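Undergrad:
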Amino acid sequence: MSLHVPRAVRSSLIRLDRGMPRRVRATRERPMIDVKDLTIGWGDVVLQKNLTFSVARGEVFAILGGSGCGKSTLLRFLIGLEPPLAGSIDVAGLGLPVLDAGLPPFGVMFQAGALFGSLTVGENVSLPLEEWSDLPGDAVAAIARAKLKLVGLDGAADKFPSELSGGMKKRAAIARALALEPELVFLDEPSAGLDPVMASDLDELIVTLSKTLGLTVVIVTHELESIFRVADRVIMLDKEEKTIIATGDPKALKTSEDPRVRAFFNRGKKES
Ligand SMILES: Nc1ncnc2c1ncn2[C@@H]1O[C@H](COP(=O)(O)OP(=O)(O)O)[C@@H](O)[C@H]1O
Ligand SMILES: [Mg+2]
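Counting from 5, one number per residue, gives the positions in the sequence shown under my numbering.
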């Protein structure tokens, strides 16, 4: 397939060198992600600072905070799309992800990470494999179908994205992020725009993938229900404070002494 794959999508893929995927060198005990004193922003603009947190292997870790506080931007830094202004990022024991030096061990579903409308769902999921493996076409198609099955989309391979519901599109995008069997995926607001039933189904899928594949999931969300359903641990970013104002088990944060944190976790209605 001679399709141009944007850099942002390429960055979501792992390189599968022939027969020898780049394996994580970190030991089991080491966190999947280790961030120390990180400052993110551009030039003189500091969006968030003093960010120190780690994500354990196999956990579902949520990045929370109001609109515009820098959640999506933090993901861009974690996957190596932007250089830290200060501090350090280690992903899977490999240091800061370097985009053009083979690919790091993660998949990404961007907030606006739409499927390519001119390709079938199967072709969309095949893209990472076409791009980074030497597998023959029928093997690629078979793997794409298997990934679609994994997310509950058996039989959708030949459909076009426009034929899918909102929830199915998100599942297909997750299948694409999983195409190269990463140990880590970043999901930016996967349930945004879905009705409550679809959102709840998607949360269930995320928890199942984490449990059955041992997948580490870093998810950006501000849907309270989702947070309580999926997240083992969270960090909460604050726009004014420009740093993390809470870390830990979301259930425990409901009774935080910080009124801003309590307000977030006990708010009556969802933010848009
Ligand atoms: N490349 C950029 N240069 C300057 N400002 C940016 C850039 N990307 C995002 N921003 C700004 O950073 C802030 C945080 O954006 P974002 O990370 O998307 O927030 P969130 O995902 O928490 O809603 C916003 O004010 C946005 O306009
Ligand atoms: Mg965002």
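Glycine included, each C-beta is placed from N, C-alpha and C at the ideal position. Just so we're clear, the structure is a prediction, and the values are computed from it rather than from any experiment.
Applying the criterion that 16 or more other CB atoms from any shown protein chain within 10 Å of the CB defines a buried residue, is Trp136 buried or exposed?
TA: It is buried - the Cβ of Trp136 has at least 16 other Cβ atoms within 10 Å.
Undergrad: What is the C-beta distance between Ser166 and Gly121, in whole angstroms, given that I count them as a contact (C-beta under 8 angstroms)?
TA: So it is a contact: roughly 6 angstroms between Cβ atoms.
Undergrad: For Phe268 and Val238, I'd like the C-alpha separation in whole angstroms.
TA: Each residue's alpha carbon lies about 13 angstroms from the other.
Undergrad: Is it the case that the stretch 35 to 49 contacts the stretch 199 to 211, given that we only count it when at least three CB pairs across the two stretches are under 8 angstroms?
TA: No, because fewer than three Cβ pairs between the stretch 199 to 211 and the stretch 35 to 49 fall closer than 8 angstroms, the two stretches do not touch.
Undergrad: Using 8 angstroms as the threshold, is the stretch 85 to 102 in touch with the stretch 157 to 164, meaning 3 or more CB pairs across them?
TA: Segments in contact, no.
Undergrad: Whole angstroms are fine: how far does the CA of Pro109 sit from the CA of Gly96?
TA: One point to set straight first is that residue 96 is Ala, not Gly, in the sequence displayed. Ala96 and Pro109: Cα-Cα distance of roughly 7 angstroms.
Undergrad: Between Val64, Ala66, Phe57, Cys73, which has its C-alpha nearest Val49's C-alpha?
TA: The shortest C-alpha separation from Val49 is found at Cys73.
Undergrad: Taking 8 angstroms as the line, does the beta carbon of Ser76 fall inside it for any heavy atom of ligand 2?
TA: Yes, ligand 2 has a heavy atom inside 8 angstroms of this Cβ.
Undergrad: Once you ignore the five residues that flank Gly171 on each side, which residues in its own chain have a CB closer than 7 angstroms to its CB?
TA: These residues qualify, in order along the chain: Leu198, Met202, Asp205, Leu206.
Undergrad: Quick one: give me the first and last residue of the alpha helix (DSSP H) that Ile210 is part of.
TA: 200 to 217 is the span of the alpha helix (DSSP H), which, as asked, contains Ile210.
Undergrad: Assuming Asp142 is part of the alpha helix (DSSP H), what are its boundary residues?
TA: Unbroken alpha helix (DSSP H) run through Asp142: 141 to 154.
Undergrad: Under a Cβ-count criterion, where at least 16 other Cβ atoms within 10 Å of its own Cβ denotes burial, should Gly69 be classed as buried or exposed?
TA: Its Cβ being crowded by 16 or more others within 10 Å, Gly69 is buried.
Undergrad: Ligand 2 heavy atoms versus the CB of Glu193: any closer than 8 angstroms?
TA: Yes, since a heavy atom of ligand 2 falls inside the 8 angstroms radius drawn around the Cβ of Glu193.
Undergrad: State buried or exposed for Pro88, treating a residue as buried only when at least 16 other CB atoms are found within 10 Å of its CB.
TA: Pro88 comes out buried.
Undergrad: Would you mind working out which of Ala176, Ala148, Ala150, Leu219 sits nearest Leu188, comparing C-alpha positions?
TA: Nearest of Ala176, Ala148, Ala150, Leu219 to Leu188, Cα basis: Leu219.
Undergrad: DSSP three-state call for Ala66: helix, strand or coil?
TA: Three-state result, Ala66: strand.
Undergrad: Name the two residues that bound the continuous beta strand (DSSP E) containing Ala96.
TA: Element bounds for Ala96: n/a, residue is neither H nor E.
Undergrad: Between which two residues does the alpha helix (DSSP H) containing Ser58 stretch?
TA: Premise fails: Ser58 lies in the beta strand (DSSP E), 49 to 59, not in any alpha helix (DSSP H).
Undergrad: Determine the contact status of Gln115 and Ser58, defining contact as a CB-CB distance below 9 angstroms.
TA: Result no, Cβ atoms of Gln115 and Ser58 do not sit closer than 9 angstroms.
Undergrad: Tell me which residue opens and which closes the alpha helix (DSSP H) that Ala250 is part of.
TA: Looking at the DSSP string, Ala250 is not in any alpha helix (DSSP H); the run it does join, the beta strand (DSSP E), is 247 to 252.
Undergrad: Rounded to the nearest angstrom, how far is the Cβ of Arg180 from that of Leu131, given a contact under 8 angstroms?
TA: At roughly 7 angstroms, the Cβ-Cβ gap stays under 8 angstroms, so Arg180 and Leu131 are in contact.
Undergrad: Using the Cβ count rule (16 or more neighbours within 10 Å means buried), how would you classify Pro263?
TA: Exposed is the call here.
Undergrad: Based on the DSSP output, what are the partners of Val129 in its beta bridges?
TA: In the DSSP output, where bridge partners are listed per residue, Val129 has none listed.
Undergrad: 9 angstroms is my cut-off, CB to CB: does Pro88 come that close to chain C?
TA: The structure shown contains no chain C, having only a single protein chain.
Undergrad: Do the CB positions of Met113 and Asp192 come within less than 9 angstroms of each other?
TA: Yes, these two residues count as a Cβ contact at 9 angstroms.
Undergrad: For Arg237, which of helix, strand or coil comes out of DSSP?
TA: If DSSP states are grouped into helix, strand and coil, Arg237 belongs with the strands.
Undergrad: Considering only DSSP beta bridges, list what Lys40 is partnered with.
TA: According to DSSP, which records beta bridges pairwise, Lys40 is partnered with Ser92.
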